[in-house]
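Residue numbers (this note's numbering), protein chains in the order written: chain X, 17 to 529; chain F, 79 to 448. Glycine included, C-beta positions come from ideal geometry on N, C-alpha and C. Computed from a predicted structure; not experimentally measured. What follows is a single structure, written as C-alpha cells, with notes after it.
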Ligand SMILES: Nc1ncnc2c1ncn2[C@@H]1O[C@H](COP(=O)(O)OP(=O)(O)O)[C@@H](O)[C@H]1O
Ligand SMILES: [Mg+2]
C-alpha cells in the first residue's frame, strides 16, 4: 500500500436486540484517501461509524488509529484521536450563528468572554483552505442545507480532525450541491485528510471513491476499486443477487387528462404558504415525476390533491369531476390510489394485523362488509391472496403491520392500493428507506399500473428514481413548479438547476401544460 | 435483518393473547390485596380473616349475592362507558355526569308519566336515561371535533354542570312535594317503571352484561367498530383512509355517554327508586378504574366490576370482623395505580411488552390542520 494507514478496524461485531448490525467487520483507511462505504439501508453503515466515533461500544473487535490501539469511550475521545463525524441528521443549533455552532463544546475564551472573533478568523482560514464557502456570522437556520453541511464539516476540521466520516452526506443535496461537496472532499484529501464516505448510491461512490468497501447485512462483502468495477457489479455485491437497474417500459400512450390542477395554493402546518399556484395536467397512461429537494411543497401538494389538506385557492378535477376540498373518501371513490409519504404514520395502523390494514379504505364496501357487518372470512381470504400476490414476507395475515420490515410494510400498502380499481395513483417517496430488492419490485409495479392505463404521480427526492420511471418530470421549488420536461430532455444538470430555483434560460418557462 | 424481524413477528395465538391480556390485571389485583393486607396488619388486625369475611359476606349468602350484583351493575355500565371511549382514543372522565343525568331523566319519566303499562313505561324510562347520557357525552365529542378542546377538560367541567343541574331539578321543578319531605329528591317512580329481579339476579345486571357483549360485538364485527378502533389507534391513518375522525369521535362519546346514562337509569329504576343527589356518588369515577383493570376490553369490564361489587358488598362483614372498610378504598386505589402503570408491573416481573395487543394511544390529538 502506498500511503500510511491512518485507521484500521479489526473484526468489529456489534449486536442490537434481534439484529447483528456489524458482523466481524474489518476495514482500513489510508492517508489522503476517500473510502466509500456502500450498503443498503440497514446494512450497518451508521452503526460501524458510530462505533468508530465512540458513540457505540463494539461487542468485540479493535480499532487502531495511526498505529495505536485505542478504546473510544465517547466522541470526545474520538475527536482527540483526530476523528470527526458528520451525522446523517445534522446536529446544529438552528438559532445560533455559524461561529457559535462551530465553537460549541470547545469554546475558546479570552478571560471570561467567548473569543468569537478568533474563532471566526479560524473558520475563515479553514473555509479558504478547503473551499468551504460560508459566512461565519450567518444564522444556521437561514442557511440552505448544503451550506449547513459545510458548517458540520468545518466543525470537525476546527477540532483538528484528519479522519472525516460523512454519513450519507448526499441524501439531502441537489445534484449541484453534491458536485460542490465532491470538490470539497477532493480538496480535503489533496491536503492529507482521509475521508470515509457513506452512501447507498452507486454512481456517487464510483465517482468519488478511491476504494469501495461493500457492506451487506452487517458483513463486509468485499473491497473494490472504482476502475475495476461497475454499477452492475456493485449492486449485486450490495444486494447479494443480480438486479435489474433499468426499468423497461414501452413508449407512453397518453390518454385523457385524469388529474387537472389549476392555480393551487396550500398552507403547511405552520400556516406558511407551501404550495403557490401550482397547475398541471396528469394523463392516463403516464408517470409524471415530481422532483425537488425535500420540503419544497411536495408533501402539502399531495395532501391537497387527496383531500387531506385544505386548498386555499385553486381547482382540482379528477376525471372531469371537481373535487377541490372534498373529503378524502370522495377522491377514493373517483379511483384514487395513494401510497403515502409517511407509511408508518399515515399508511398503516401498526398495532393492527395485516388483514385489518388491507381493508383500511375499503372496509365499508362489498365484499368486505354488508349492512355494516364486517365479513371476516372474506377479509382473511383477500388478505391471504394479496400477501401472496404482492410477495409480503410475513408469517401470516394476523401479524401486526408494525412487526414487518419497512419493505414489507410498503408492500402491504401497495397491495391495498393496487388491488382496487384505480385510475389515478399517487406514489410519494415510495421506496424511501427500502432495500434494493423491494425498490426493484415497487418500481416494476408502478410501471405496470401506468401500462394498464392509470395516471401516476410519482413524488420523489431521488432523481435516479424520477428519471428511471417518469415520462415527464416536473420540478418543484419553493411551492412552485419550475418547469415540466419530457424525460429525455431532463438531464441531471437541468433538473439540478431547477431544483435550486434557477429557471432554464434557454427555455421559456411553462408551468402549465 | 428482515428475516430476524419476521421470526420475531409471529402473531401470538388467541390463548397467548388472552393470557397476556389478563396477566397485568391479575397481578394488579393480587398486589393490591397484598398491600391492603400489610396495612391491615399494621392496623393490628388479621388480613386473612378480614378478606375471608369480605368474600363470605359478598358471596356466601343469597342476600350477599344480591347485594354484590346490585353493586356491580352500575359499575359495569360506567366501566363500559369509559372502556368504549378508550377504544376511540378518548378519555371520558365525564361518566359520572352522564350517569347522574341518565338517572334523573329516568326518574322523571318514571314518576311523571302515569297510566302507562310496564312494557311501555319501563323501556321509555330506560330510553330517557340513555338519551340524556348520550347528549351529555356527545357535547365533549363535538367540542373536541369543532374547537379542539380536550375531552379530559370538558368532561370534568361537564361533571360539575351535571351535578348542579340535577341538584337544581331535584330541589326545584322535579322535587318530591309529598308532605313531610324536606330533602332534595324526586318523587318515587311508579311501579310500572320499576326494574324487577329474576330470583337473586337483578334484570339490570342482565342488561349490563348484554350491553357488554353488544359493545364487544360492535367493536369487533362492524364497520363502525372498525372505524372506532382505527381512530383510536392512529387518527392520521384513519383520516388518510377516508374515515371521518370527527364524526367517529362524536359518535363514540355519545355511545359512551349512553352507556353511562343507562347505568344511571338502571340504578334509579332498579335500586334507588327515585333520583336523590348523593346516591350515585363515585359510580362514574370507579368506571375509570374498572375500565383500566379490564384493559379497556368491554368483556373484561364484567368480571372487573363484579370484583368491585364483591368488595363493596362485603365491606360491612369485613367491618364487623374488625377491619376498617376504608381498606377497600385503599385496595381499589392501589389497583388503579398498578393497572395504570403497567410499565411498573412489567419491570417488577420482567415481562415483555405485549406483542399482539392493540395498545390504545390515549389523549391523542388528530391535528386540527387541513
Ligand atoms: N440503536 C439501535 N438499536 C437497535 N437497533 C439498531 C440501532 N441502530 C441500528 N440498529 C439496527 O442495526 C441495523 C443497522 O442499522 P444502521 O447501522 O443504521 O444501517 P445503515 O446506516 O447501513 O442504514 C438495522 O437493522 C437497524 O435497525
Ligand atoms: Mg445510516
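Return yes when the Cβ of residue 417 of chain X is within less than 8 Å of the Cβ of residue 428 of chain X, no when it is not. By 1-based counting over the first chain, the position of residue 428 of chain X is 412. By 1-based counting over the first chain, the position of residue 417 of chain X is 401. Yes; because the gap between Cβ atoms is below 8 Å, this pair is in contact.
Tell me the DSSP secondary structure of residue 162 of chain X in three-state form. Working through the first chain from its first residue, we reach residue 162 of chain X at position 146. Look at residue 162 of chain X here: in three-state DSSP terms it is helix.
Interface residues of the region 377-405 of chain X facing chain F [CB-CB below 8 Å]: Listed in sequence order: 377, 379, 380, 385, 388, 389, 390 and 392.
Considering only the alpha carbon of each residue, which of X/315, X/369, X/362 and X/502 lies closest to residue 314 of chain F? Your numbering for residue 314 of chain F matches position 236 in the second chain. Measuring from the Cα of residue 314 of chain F, the nearest candidate turns out to be X/362.
List, from N- to C-terminal side, the alpha helix (DSSP H) runs of 4 residues or more that fit wholly inside the region 320-352 of chain F. If we require 4 residues or more, the alpha helix (DSSP H) runs fully inside the region 320-352 of chain F come out as 323-345.
Are residue 263 of chain X and residue 56 of chain X closer than 8 Å when you measure CB to CB? One-based indexing of the first chain puts residue 263 of chain X at position 247. One-based indexing of the first chain puts residue 56 of chain X at position 40. Not a contact, by the Cβ cut-off of 8 Å.
Secondary structure of residue 178 of chain X, DSSP reduced to three states: Position 162 of the first chain, counted from the start, is the residue given in the question as residue 178 of chain X. Under the three-state reduction of DSSP, residue 178 of chain X is assigned to coil, being neither helix nor strand.
Hey, how far is the Cα of residue 253 of chain F from the Cα of residue 183 of chain F? Counting from one through the second chain, the residue named residue 253 of chain F turns up at place 175. Counting from one through the second chain, the residue named residue 183 of chain F turns up at place 105. Going by the C-alpha atoms only, they are around 13 Å apart.
Say the cut is 7 Å; is the CB of residue 62 of chain X nearer than that to a heavy atom of ligand 2? If you number the first chain from 1, residue 62 of chain X lands on position 46. For residue 62 of chain X, the Cβ falls inside the 7 Å cut-off from some heavy atom of ligand 2.
Got a sec, what are the start and stop residues for the alpha helix (DSSP H) residue 388 of chain X sits in? If you number the first chain from 1, residue 388 of chain X lands on position 372. Where residue 388 of chain X is concerned, there is no enclosing alpha helix (DSSP H), given that its DSSP letter is neither H nor E.
Since residue 42 of chain X is in the beta strand (DSSP E), which residue starts that stretch and which ends it? Within the first chain, numbered from 1, the residue matching residue 42 of chain X stands at position 26. Residues 35-46.
In the region 294-327 of chain F, which residues sit with their C-beta less than 9 Å from some C-beta in chain X, listed in chain order? Listed in chain order, the positions of the region 294-327 of chain F with a beta carbon within less than 9 Å of a beta carbon of chain X are 298, 299, 300, 301, 302, 303, 304, 305, 307, 308, 311, 312, 314, 315, 316, 317, 318, 319, 320, 321 and 322.
In the DSSP assignment, the beta strand (DSSP E) including residue 76 of chain X goes from what residue to what residue? Indexing the first chain from 1 puts residue 76 of chain X at position 60. Residue 76 of chain X: member of the beta strand (DSSP E) spanning 76-81, first to last residue.
Can you tell me whether DSSP reads residue 324 of chain X as helix, strand or coil? On the first chain, position 308 is the one that residue 324 of chain X refers to. In the three-state scheme derived from DSSP, where H, G and I count as helix and E and B as strand, residue 324 of chain X is classed as coil.
Is there contact between the region 510-520 of chain X and the region 328-339 of chain X, where contact requires at least three CB pairs shorter than 8 Å? These segments do not touch.
Residue range of the beta strand (DSSP E) that includes residue 496 of chain X: The residue labelled residue 496 of chain X in the question sits at position 480 within the first chain. Taken as a continuous stretch (DSSP letters only), the beta strand (DSSP E) holding residue 496 of chain X covers 496-502.
Starting from the C-beta of residue 202 of chain F, find all residues in its chain whose C-beta is less than 6 Å away, skip the five residues before and the five after it, and write them out in chain order. Numbered from its first residue, the second chain carries residue 202 of chain F at position 124. The residues are 187.
Going by C-alpha to C-alpha distance, which of X/274, X/51, X/173 and X/130 sits closest to residue 471 of chain X? As a position in the first chain, residue 471 of chain X is number 455, starting the count at 1. Taking only the C-alpha atoms, the option nearest residue 471 of chain X is X/274.
The alpha helix (DSSP H) enclosing residue 372 of chain X, as first and last residue numbers: Taking the first chain and counting its residues from 1, the one referred to as residue 372 of chain X is at position 356. 370-374 is the extent of the alpha helix (DSSP H) around residue 372 of chain X.
Taking Cβ positions, are residue 53 of chain X and residue 214 of chain X nearer each other than 8 Å? Position 37 of the first chain, counted from the start, is the residue given in the question as residue 53 of chain X. Position 198 of the first chain, counted from the start, is the residue given in the question as residue 214 of chain X. A contact, by the Cβ cut-off of 8 Å.
Can you tell me which residues form a DSSP beta bridge with residue 100 of chain X? Working through the first chain from its first residue, we reach residue 100 of chain X at position 84. The partner list for residue 100 of chain X (beta bridge, DSSP) reads X/180.
With 8 Å set as the bound, which would you pick, yes or no: does the beta-carbon of residue 288 of chain X sit closer than that to a beta-carbon of chain F? One-based indexing of the first chain puts residue 288 of chain X at position 272. False, the Cβ-Cβ gap to chain F never drops below 8 Å.
From residue 153 of chain X to residue 114 of chain X, what does the alpha carbon distance come to, in whole angstroms? The count along the first chain starts at 1 and reaches residue 153 of chain X at position 137. The count along the first chain starts at 1 and reaches residue 114 of chain X at position 98. About 6 Å.
Is residue 261 of chain F buried or exposed, if buried means 16 or more other CB atoms sit within 10 Å of its CB? Residue mapping note: residue 261 of chain F aligns to position 183 of the second chain, counting from 1. Residue burial is scored here from C-beta neighbours: residue 261 of chain F has fewer than 16 other C-beta atoms within 10 angstroms and is therefore classed as exposed.
The region 113-130 of chain F touching the region 327-344 of chain F, judged by at least three CB pairs closer than 8 Å: At 8 Å Cβ cutoff, the stretches do not touch.
Straight-line CA distance for residue 348 of chain F to residue 417 of chain F? Along the second chain, one-based indexing puts residue 348 of chain F at 270. Along the second chain, one-based indexing puts residue 417 of chain F at 339. So the alpha carbons of these two residues sit roughly 31 Å apart.
Residues, ordered as in the chain, of the region 322-353 of chain X that lie near chain F by beta-carbon distance below 9 Å: Residues of the region 322-353 of chain X with a C-beta less than 9 Å from any C-beta of chain F: 322, 323, 324, 325, 326, 343, 344, 345, 346, 347, 348 and 349, listed in chain order.
Against residue 363 of chain X, what residues of chain F qualify as contacts under a CB-to-CB distance less than 8 Å, listed in chain order? Within the first chain, residue 363 of chain X is the residue found at index 347, counting from 1. Result: 315 and 318.
Residue 177 of chain X and residue 95 of chain X look like a contact to me (Cβ under 8 Å); what is the Cβ gap, rounded to whole Å? Along the first chain, read from residue 1 onward, the residue named residue 177 of chain X stands at position 161. Along the first chain, read from residue 1 onward, the residue named residue 95 of chain X stands at position 79. The pair is a contact, with the Cβ atoms about 7 Å apart (cut-off 8 Å).
Give the C-beta separation of residue 355 of chain X and residue 430 of chain X to the nearest angstrom, bearing in mind that I take them to be a contact with Cβ-Cβ under 8 Å. Position 339 of the first chain, counted from the first residue, corresponds to residue 355 of chain X. Position 414 of the first chain, counted from the first residue, corresponds to residue 430 of chain X. Their Cβ separation, rounded to whole angstroms, is 6 Å, which keeps residue 355 of chain X and residue 430 of chain X in contact under 8 Å.
I'd like to know if residue 130 of chain X contacts chain F, where contact means its C-beta is closer than 8 Å to some C-beta of that chain. The count along the first chain starts at 1 and reaches residue 130 of chain X at position 114. It does not; no Cβ of chain F falls within 8 Å.
Hey, residue 181 of chain F and residue 343 of chain F are a contact pair by Cβ (cut 8 Å); roughly how many whole angstroms apart? Position 103 of the second chain, counting from 1, holds the residue named residue 181 of chain F. Position 265 of the second chain, counting from 1, holds the residue named residue 343 of chain F. Yes, they are in contact, since the Cβ atoms of residue 181 of chain F and residue 343 of chain F sit about 6 Å apart, within 8 Å.
Could you tell me the distance, in whole angstroms, from the CA atom of residue 223 of chain F to the CA atom of residue 233 of chain F? To locate residue 223 of chain F, count along the second chain from 1; it is residue 145. To locate residue 233 of chain F, count along the second chain from 1; it is residue 155. A straight line joining the alpha-carbon of residue 223 of chain F with that of residue 233 of chain F spans about 14 Å.
Check whether chain F comes within 8 Å of residue 367 of chain X, counting only Cβ atoms and requiring the distance to be less than that. If you number the first chain from 1, residue 367 of chain X lands on position 351. It does; some Cβ of chain F falls within 8 Å.
Are any of the Cβ atoms in chain F nearer than 8 Å to that of residue 356 of chain X? For this step, residue 356 of chain X is matched to residue 340 along the first chain. Yes, its Cβ sits closer than 8 Å to a Cβ of chain F.
Report the three-state DSSP secondary structure of residue 354 of chain X (helix, strand or coil). As a working note, residue 354 of chain X is residue 338 in the first chain. Correct three-state label for residue 354 of chain X: strand.
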